[in-house]
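Heads up, the sequence shown is in the UniProt record's numbering, so the first residue is 1 and it goes up one at a time. From the three backbone atoms N, C-alpha and C, an ideal C-beta is built for every residue, glycine too. Because the structure is a prediction, the values reported are computed rather than measured. A short worksheet on the structure shown next.
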Amino acid sequence: MAQTDTTARGNWNSKLGFILAAAGSAVGLGNIWGFPTQVASNGGAAFLFIYLLCAFAIGFPVMVAEITMGRKTGRNPVGAFKALGDNKLMYSAIGMWGLICGVMILAFYTVIAGWTVSYVFEEIFFYLQMNEWATWISDTGNGPINAVFATVFMGATISIILGGVSEGIERATKFMMPLLLVILVIMIGYVLTQPGAGVGLEQYLVPDFSKVTAGLVFSAMGQAFFSLSLGMGALITYGSYLSKKENIPEAAAYVTLTDAFIAFLAGLLIIPTMYMAQAQGVAIFDESGNLLASAALIFQVLPQLFHEMGGLLGLIFGGTFFFLLSIAALTSTISLLEVPVSYAIDEHNISRRKAARYIGGGVLIISLIISFDTSLIDLFVVIFNEVGLPLGGFLICIFLGYYWKTDNALREMESGYPNVMKSVFAKIWPLFIKVIAPLAILYNLLSGLGLI
Ligand code: PHE
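Rendered as structure tokens:
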């Protein structure tokens with residue numbers, strides 16, 4: 001039964017609305033760009049396997065934790081920690097760290113999302129044989145062009161956030177997520193029936209366990225946190241708009257499965273496509289035999305293949321691909337911006353309009369700096385994504401497990417899951433939150449950084 005948006009903060013109209021919005025946050029560049037390129041250079045299915053392990057054994061329990069904290073308190077990440085902890089300063093710092101990571105991730109994500117839009121134009125110009133225009137608009141090293149597209153993308157993000165929770169975020173993602181799935185499936189159907197796709201499939205689905213190192217496990221974990229939008233409070237925020245009657249573990253399971261499934265599908269599209277490009281003579285390895293960097297694969301190799309296809313087919317395929325990436329990115333940037341916006345609304349009594357405009361504008365300034373020095377992206381990825389998100393997840397586990405206590409969290413879940421106390425879930429989940437997830441995160445962080 002649909003409920004109406006009665007609170008000032010807003011809430012989701014339906015369970016499906018929440019699941020699609022949360023899945024929209026999760027499914028993004030991380031799935032369609034990050035995951036396939038990491039799989040391809042990290043031993044194919046071996047990475048896939050470790051990634052899935054991280055997503056289900058670490059990501060899923062943390063997702064349940066975040067949504068529950070959000071729903072219990074009805075607050076943004078900073079407010080949620082404040083409400084549940086007595087040492088307000090210390091605990092709200094965990095939420096604040098998440099907020100900072102979110103803002104910085106949004107800043108670089110917006111620049112990359114801008115590229116995905118500029119490449120839709122690139123494909124169109126190429127089709128119209130305006131090759132110079134195509135080259136000009138798609139130059140990811142061109143500061144002013146990056147700045148323009150980053151601004152456009154941030155504008156789109158802000159305009160959805162201005163609409164609010166159900167009328168803005170929920171409405172947009174309910175439309176965009178199914179569209180994304182349809183486009184993805186059609187494109188896979190095409191690619192897998194092309195000659196040469198088999199080599200890519202083999203690279204993807206046959207595991208090479210000799211490539212598994214501490215560094216790889218660290219990357220897989222960072223990728224899982226990023227892809228599931230965990231560790232910075234996006235799901236605390238989305239959980240805060242969730243009705244008491246919804247079943248949190250079930251909803252989190254749907255979101256985790258959807259995210260993993262879309263990442264898997266993206267692998268089926270990108271990896272065979274990469275090897276098809278190679279069969280056409282496009283280089284996908286560098287001189288030392290390593291796969292090209294992910295940005296080069298997506299923004300150089302794939303467009304070259306689209307151009308090889310030529311004519312209308314190239315335009316439809318290439319244009320649609322970058323459009324797909326843009327939609328996936330947009331449903332993620334709205335969740336990244338919603339976190340600081342909800343913080344400003346809850347904690348500083350600022351209207352949604354003002355919060356969305358000023359915070360969006362402020363983050364855009366960082367995006368503009370990155371537009372002119374794109375090498376900052378790598379640095380931001382390491383600090384705020386690879387280290388920042390797992391660290392946030394670790395702190396959430398420790399806080400929930402030892403301070404707020406898993407029993408209290410389970411009690412919060414009861415309203416939408418009446419038998420939770422007697423379920424298998426109630427026996428296993430606390431163990432993951434208190435012991436398995438924090439230990440795994442800590443070990444991976446330390447070994448990935450070369451500290452142990
Ligand atoms: N999950 C998004 C992706 O895969 C990125 C993201 C990270 C969104 C953190 C929100 C919070 O692209």
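Residue environment, residue i, which counts as buried when at least 16 other CB atoms sit within 10 Å
i	result
methionine 421	exposed
methionine 63	buried
phenylalanine 81	buried
isoleucine 160	buried
glycine 289	exposed
threonine 4	Residue placement at threonine 4 cannot be trusted, given a pLDDT of 41 that sits under 50; the coordinates are not used to answer.
leucine 216	buried
serine 375	exposed
threonine 193	exposed
arginine 71	buried
histidine 348	exposed
tyrosine 275	buried
threonine 213	exposed
arginine 353	exposed
proline 418	exposed
valine 103	buried
serine 351	exposed
threonine 6	Here the model assigns threonine 6 a pLDDT of 43, short of 50, so the residue's position is not dependable and the matter cannot be decided.
isoleucine 19	buried
proline 195	exposed
Sequence-distant residues of its chain with Cβ nearer than 6 Å to residue i (five each side left out)
i	result
tyrosine 327	Looking at the sequence shown, residue 327 is not tyrosine but isoleucine. Excluding residues within five positions, the ones whose Cβ falls inside 6 Å are Met176, Leu180.
alanine 134	Glu122, Phe125, Phe126
leucine 445	Pro390
alanine 386	Going by the sequence as given, residue 386 is glutamate instead of alanine. So the qualifying residues of the chain are Gly222.
glycine 24	Thr173, Met177, Thr331
isoleucine 298	Trp33
leucine 201	Pro272
alanine 234	Ser25, Ser335, Val339
8 Å CB neighbourhood of residue i in its chain, flanking five on each side removed
i	result
valine 117	Phe149, Val152, Phe153, Phe322, Ser326
aspartate 139	Ile145
alanine 329	Gly28, Leu29, Tyr109, Ile112, Ala113, Thr116, Phe153
asparagine 142	Trp136
methionine 187	Leu269, Phe317, Thr320, Phe321, Leu324
arginine 9	Gly74, Val165, Ser240, Tyr241, Ser342, Ile345, Asp346
threonine 406	Leu400, Trp429, Pro430, Ile433, Lys434
Proximity test, residue i beta-carbon vs the ligand PHE heavy atom, cut-off 6 Å
i	result
phenylalanine 60	no
phenylalanine 226	yes
glycine 28	yes
leucine 336	yes
asparagine 76	no
serine 367	no
serine 240	no
alanine 252	no
alanine 23	no
serine 332	yes
serine 294	no
alanine 260	no
alanine 234	yes
serine 219	no
asparagine 290	no
asparagine 142	no
serine 229	yes
asparagine 42	no
asparagine 31	yes
As assigned by DSSP and simplified to three states, the class of residue i
i	result
leucine 368	helix
leucine 128	coil
leucine 230	coil
residue 458	The question about residue 458 has no answer, for the chain in this structure spans 1 to 452.
arginine 352	helix
aspartate 5	Any reading at aspartate 5 must be qualified, since the residue scores a pLDDT of 44, below 50, and its modelled position is unreliable; no value is offered.
Contacts around residue i, its chain only, beta-carbon distance under 7 Å, and the 5 residues preceding and following it disregarded
i	result
alanine 224	Tyr51, Cys54, Ala55, Ile58, Gly59
glutamate 170	Trp12, Asn13, Gly17, Ala21
glutamine 278	Ile284
methionine 96	Val78
lysine 211	Asn42, Gly43, Ala46
leucine 442	Phe394
leucine 228	Ala26, Ala55, Gly59, Met63, Thr256, Asp259
CB contact check: residue i to chain C, cutoff 7 Å
i	result
aspartate 286	This model lacks chain C altogether; it includes just one protein chain.
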